[in-house]
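Asker:
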Amino acid sequence: MPDHVTSPTPARTALVRHGETDWNRDGRLQGRTDIPLNDTGRAQARALAEQLADPLGDTPWAAVTSSPLSRARETAQIIADRLGLELLAPHDDLVERHFGEAEGGNLAELTARYPNGERPGQEPWEDLVARGAGALRRLRAEHGDVPLVVVAHGTLLRATVEGLAGVELARMANATSVVVEGAGQDWRLARAPQRA
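The opening residue of the sequence shown carries number 0 in numbering that gives the first Met the number 0; numbering runs sequentially from there.
1) Once you ignore the five residues that flank Leu127 on each side, which residues in its own chain have a CB closer than 8 Å to its CB?
2) Can the beta-carbon of Thr12 be found less than 7 Å from the beta-carbon of Val145?
3) Distance, Cα to Cα, Arg170 vs Asn105?
4) Express the C-alpha separation of Glu19 and Thr39 in angstroms, rounding to a whole number.
5) Under 6 Å Cβ to Cβ from Pro192, same chain only, skipping five residues before and after it: list those, please.
6) Roughly how many whole angstroms lie between the Cα atoms of Val15 and Ala111?
7) Assuming Ser66 contacts Ala151 (C-beta within less than 8 Å), just tell me the rounded distance between them.
8) Suppose only complete runs of 3+ residues qualify. What are the beta strand (DSSP E) ranges in the stretch 72-128, listed by chain order?
9) Going by the DSSP bridge assignment, what does Thr32 pair with across the sheet?
10) So Arg175 is in the beta strand (DSSP E); what residue range does that whole segment cover?
11) Thinking Leu196 and Val63 are a contact (beta carbons under 8 Å), I'd like their distance in whole angstroms, please.
12) Given this structure, state the Cα-to-Cα distance separating Val4 from Gly143, to the nearest angstrom.
13) DSSP has Trp186 in a bridge; who is on the other side?
14) Do Trp60 and Val148 have their beta-carbon atoms positioned less than 7 Å apart in this structure?
15) Going by DSSP, which residues form a beta bridge with Ser66?
16) Tell me the rounded alpha-carbon separation between Gly30 and Asp80.
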C-alpha cells in the first residue's frame, strides 16, 4: 500500500492472559495475590510471543502494557523482548478481579465453603466489567490507533470483552489471546481466543 493511502483498519488491541503460575497449575483462585510465573508459564509466554510476531493485518504491534501483578508483567516483558518493543508502564485498572476471602482456595474448597456461590469481599461482576472496559477505552484514547498488546488476567479480560463488545467469552486458558478492534463506544471482537 502506498505511503499516502490511509488504512481503514480500526485500532487493534491484543488482550493476552498471562502464562501459568503454580496456583494456576494447582487450580487455586489467585485474584490479586501476586503469584509469579512458573517455568511452564515462561515457556507459554515465549510461544505466545512467537504467535504475536505474526501480526493480524498489515501493521505490527507497536507497544506492550500490562497489569502490575508480576505474572502479567513478566509475560508482557517476554512478549516485548521478542517483538522488540518497549514495555510501557503497567496500568492498575488491569489488575485481576478481587475474589475476597476466596483467594487461594481451589474449586472443591470454595464449593464447600460457599455453596451458594457468594464469596465475601468479591468485586461485583458489573464493577469489573466497567473497570476493564474503562481501562481499555483510556488506553485507546492515550495511544490513538497504534496496535497494542495488553497482558492481564483471565477473569478481567473476559469482563473487558463483555463490556466493550458485548461478547461473553468462555474461560481463557493461560497464554491465550483475543483481539478486539475499536475505540470509544464502538468495539468488536476481531479474533476469538487463540492459544500458542
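Heads up, the beta-carbon is just placed ideally off N, CA and C, and yes, glycines get one too.
Answerer: So, to answer that:
1) For the purposes of this step, residue 127 is taken as residue 128 along the sequence shown, with counting starting at 1. Closer than 8 Å at the Cβ level, and outside the excluded window around Leu127, lie Arg96, Thr154, Leu155, Ala158.
2) By one-based count along the sequence shown, residue 12 stands at place 13. By one-based count along the sequence shown, residue 145 stands at place 146. For Thr12 and Val145, no; Cβs fall outside 7 Å.
3) By one-based count along the sequence shown, residue 170 stands at place 171. By one-based count along the sequence shown, residue 105 stands at place 106. Arg170 and Asn105: Cα-Cα distance of roughly 16 Å.
4) Taking the sequence shown and counting its residues from 1, one reaches residue 39 at position 40. Taking the sequence shown and counting its residues from 1, one reaches residue 19 at position 20. Cα to Cα, Thr39 sits roughly 6 Å from Glu19.
5) Stepping through the sequence shown from its first residue, residue 192 is reached at position 193. Sequence-distant Cβ neighbours of Pro192 in its own chain, meaning closer than 6 Å and more than five residues away, are Met171, Thr175, Val177.
6) Within the sequence shown, numbered from 1, the residue matching residue 15 stands at position 16. Within the sequence shown, numbered from 1, the residue matching residue 111 stands at position 112. CA-to-CA, the gap between Val15 and Ala111 works out to about 31 Å.
7) Residue mapping note: residue 66 aligns to position 67 of the sequence shown, counting from 1. Residue mapping note: residue 151 aligns to position 152 of the sequence shown, counting from 1. Under the criterion of beta carbons closer than 8 Å, Ser66 and Ala151 qualify as touching, at roughly 5 Å.
8) DSSP runs (the beta strand (DSSP E)) wholly in the stretch 72-128: none.
9) Here the question's residue 32 lines up with position 33 in the sequence shown. Beta-bridge pairing links Thr32 to no other residue.
10) On the sequence shown, residue 175 is found 176 positions in, with the first residue counted as 1. The sequence given here has Thr at residue 175, not Arg. Per DSSP, Thr175 is one residue of the beta strand (DSSP E) stretching across 175-182.
11) Lying outside 0 to 195, the shown extent of the chain, residue 196 is not represented and no answer is given.
12) Taking the sequence shown and counting its residues from 1, the one referred to as residue 4 is at position 5. Taking the sequence shown and counting its residues from 1, the one referred to as residue 143 is at position 144. Low confidence applies to Val4: its pLDDT is 39, below 50, so where it sits in the model is not reliable enough to give any reading.
13) In the sequence shown, counting from the first residue as 1, residue 186 sits at position 187. Looking at the DSSP assignment, Trp186 forms a beta bridge with Gly181.
14) Here residue 148 corresponds to residue number 149 of the sequence shown, with the count starting at 1. Here residue 60 corresponds to residue number 61 of the sequence shown, with the count starting at 1. In this structure, Trp60 lies closer than 7 Å to Val148 by Cβ.
15) Here residue 66 is taken as the residue at index 67 of the sequence shown, counted from 1. Its beta-bridge partners do not exist; DSSP assigns none.
16) Indexing the sequence shown from 1 puts residue 30 at position 31. Indexing the sequence shown from 1 puts residue 80 at position 81. Between the alpha carbons of Gly30 and Asp80 lies a gap of roughly 26 Å.
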